[in-house]
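Structure first, commentary second.
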Amino acid sequence: MKKEIDQELSLLTELLKFKSITPNDDGCLNYIAMLFVDFETKFIEKNGVKNLFLKKKFGDGDHLCFAGHVDVVPPGQGWQSDPFKPVIKDGYIYARGSQDMKSGVAAFLSAILETDDFDGTLSILLTSDEEGEAIYGTMEVLKYLDEIGELPDYAVVAEPTSDIKFGDTIKVGRRGSINGTLTIKGKQGHAAYPNKCINPAHILATKFNEFAGFNLDNGDEFFEPSKIVITDIRGGMEVCNVTPNEVKIMFNVRNGMLTNLEKVENYIKNLYDDYEIDLKISASSFPFITSKNSKIITNLSKSVEKISGIKPKLNTAGGTSDAKYFAKFGVECAEFGVINDRIHSLDERVSIDEYKNLCKVFKDLIQNFK
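Taking our numbering, the leading residue of the sequence shown gets 190, the next gets one more, and so forth.
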């Protein structure tokens, strides 16, 4: 048993050594491909981004895909150790990407390497373009698989989803993201003569409570209310005696299934219908949900509870991920991984116990996927 654990830790440590700052994989994908000599191997490159797809058919059953990214965000300054020279200390491994998400990748690679039998097809989809533009990664691989008729039936993305305790959260969907810029037009003038001005700052203020932090819906079982979140307000010339000619407000809406771009656009236009405005709005990602009765959700939930002793919550909180691309192609998808309390931070680290348990979860999922 000790030898097996050492192999798992060795694999994670090796992945962490690659300086795979997005979108450069730094040879990480080649290293992984060499581990799976009995799998069909396909490298898919687009605009300098490297992706890897590995597949093996064991039987005639379902096609289950494990997916993730090997790219990481830049480490920044101030680490206590070299972010690409893993350090094991007090039960943790310190390195950039240890939580997000090389521990997840290493866990499912370890589980699949130990698999001798499966009812269907197992595959691995890896990209080096998730932390950056995320345009030429997972989406491109899925396009290719769609073209050749080999899309998986189900997918697990090993993002770090656990919140407080390992096993407490499975992501069954993600919110969409709508970005907008509202410009309220006015008429510049002297502050001493407000009746001769049209002050866009005052116009904004009259409707502020119906704009800033406003819930566009009430949410549902899996999605929090879709809320308008102001991210920036600009206007004027930074002087005290001239009113602004216009005020520009930038905002974001993380939306569930009850609110779409058209609803956001219509709400804001109707809110400021009596004034001259310019509204630019676009969706950078769309919400999706996998049914809690899906085969992937029920099986993964059982494995997580079996290994962690915790009945996982099913939710859609947090930002976006590559899971949305699987949903776009009709692949039922779930996300599960280690705790995410240090992602993108200085001295990122992952608990060795969590990582070992994640390996066990994925092994159990493969062994009992029915």
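Think of the CB as a built atom: it goes at the ideal place given N, C-alpha and C, for glycine as much as any other residue.
Note that this is a predicted model, so its numbers are computed, not measured.
query, result
"Beta carbon of A152, beta carbon of L314: below 7 Å?", "The displayed coordinates of the chain run from 190 to 559. Any statement about residue 152 would go beyond what the structure contains."
"Between the stretch 337–349 and the stretch 521–531, can you find at least three pairs of beta-carbon atoms closer than 8 Å?", "yes"
"Express the C-alpha separation of P383 and E329 in angstroms, rounding to a whole number.", "56 Å"
"When the distance is taken between beta carbons, is F273 closer than 7 Å to N164?", "Residue 164 lies beyond the stretch modelled for the chain, which goes from 190 to 559, so this question has no answer here."
"Nearest to S471 by CA position, among S366, A295 and P349, is which residue?", "S366"
"Pick out whichever of D318, H533 and L489 has its Cα sitting closest to the Cα of K239.", "D318"
"Look at the alpha carbon of G375 and the alpha carbon of N529, and state the distance between them as a whole number of angstroms.", "45 Å"
"Assuming L503 and I337 form a contact by the criterion Cβ under 8 Å, report the distance between their Cβ atoms to the nearest whole angstrom.", "Actually they are not in contact, since the Cβ atoms of L503 and I337 sit about 32 Å apart, beyond 8 Å."
"Under a Cβ-count criterion, where at least 16 other Cβ atoms within 10 Å of its own Cβ denotes burial, should P476 be classed as buried or exposed?", "buried"
"Here's a check: name, in chain order, each residue in its chain whose Cβ is nearer than 7 Å to the Cβ of D553, leaving out the five neighbours to either side.", "S492, K495 and I496"
"Near Y461, which residues of its chain fall below 8 Å by C-beta distance, leaving aside the five closest residues on each side in sequence?", "L371, I373, I392 and K396"
"I need the DSSP call for S199, collapsed to helix, strand or coil.", "helix"
"Whole beta strand (DSSP E) runs in the stretch 411–469 with 3 or more residues, listed along the chain?", "416–424 and 435–444"
"So what does A523 bridge to, in DSSP terms?", "V345"
"Where in the stretch 495–523 do unbroken runs of the beta strand (DSSP E), each at least 3 residues long, occur, reported from the N-terminal end onward?", "502–504"
"Answer with buried or exposed for N557, where buried requires no fewer than 16 other C-beta atoms within 10 angstroms of its C-beta.", "exposed"
"What does F232 pair with, by DSSP beta-bridge criteria?", "L241"
"Since H533 sits in a beta bridge, which residues does DSSP pair it with?", "According to DSSP, H533 bridges with nothing at all."
"Just checking my contact of I324 with P263 at CB under 8 Å: how many whole Å lie between their CB atoms?", "Not confirmed; about 19 Å, so no contact."
"Reducing DSSP to helix, strand and coil, say where A295 ends up.", "helix"
"Since R538 sits in a beta bridge, which residues does DSSP pair it with?", "Y283"
"Which residues mark the beginning and the end of the beta strand (DSSP E) in which I392 is found?", "No beta strand (DSSP E) contains I392, which is instead part of the alpha helix (DSSP H) from P389 to T395."
"On the CB-based measure, 16 or more other CB atoms within 10 Å of its CB, does S474 come out buried or exposed?", "buried"
"Could you check whether M290 and P349 sit closer than 7 Å to each other, using their CB atoms as the reference points?", "yes"
"Using DSSP with H/G/I as helix, E/B as strand and the rest coil, what is N274?", "The displayed chain sequence assigns Lys, not Asn, to residue 274. Reduced to three states, the DSSP call for K274 is coil."
"Just curious, the alpha helix (DSSP H) that N219 is in, first and last residue?", "C217 to L224"
"Does F400 pass the burial test, meaning 16 or more other C-beta atoms within 10 Å, or should it be called exposed?", "buried"
"What residue from N398, V226 and L535 has the CA that sits closest to D271's CA?", "L535"
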